[in-house]
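In this note's numbering, the protein residues as written are 170 to 258.
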């Protein structure tokens, strides 16, 4: 399941959970276990979404670290030997 699909499922589950909570509190719904199951399922979906987002973030971070540096960022042996032109205070 993709992140986009998970977000849609979470939104739907959130609406269902809030409706069940209202029904249980107004005593229209006799089966309070149904609300508890729905609430647990909602929490599981949120956990899965968080884990997937964390994985994507780690992949992006790893890819950015592996990029090749620009030529201007690479120092050569000649650059290291040149004296600094900055004034020391």
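All C-beta atoms, glycine included, are put in the ideal place defined by N, C-alpha and C.
Closest by C-alpha distance to residue 206, out of 190, 218, 196, is 190. Within the same chain, and ignoring the five residues on either side of residue 172 in sequence, the residues whose Cβ sits closer than 6 Å to its Cβ are 221.
CA-to-CA, the gap between residue 186 and residue 208 works out to about 6 Å.
Within the model, the alpha-carbon separation for residue 175 versus residue 225 is close to 14 Å.
Residue burial annotation: residue 214 is buried, with at least 16 other C-beta atoms found within 10 angstroms of its C-beta.
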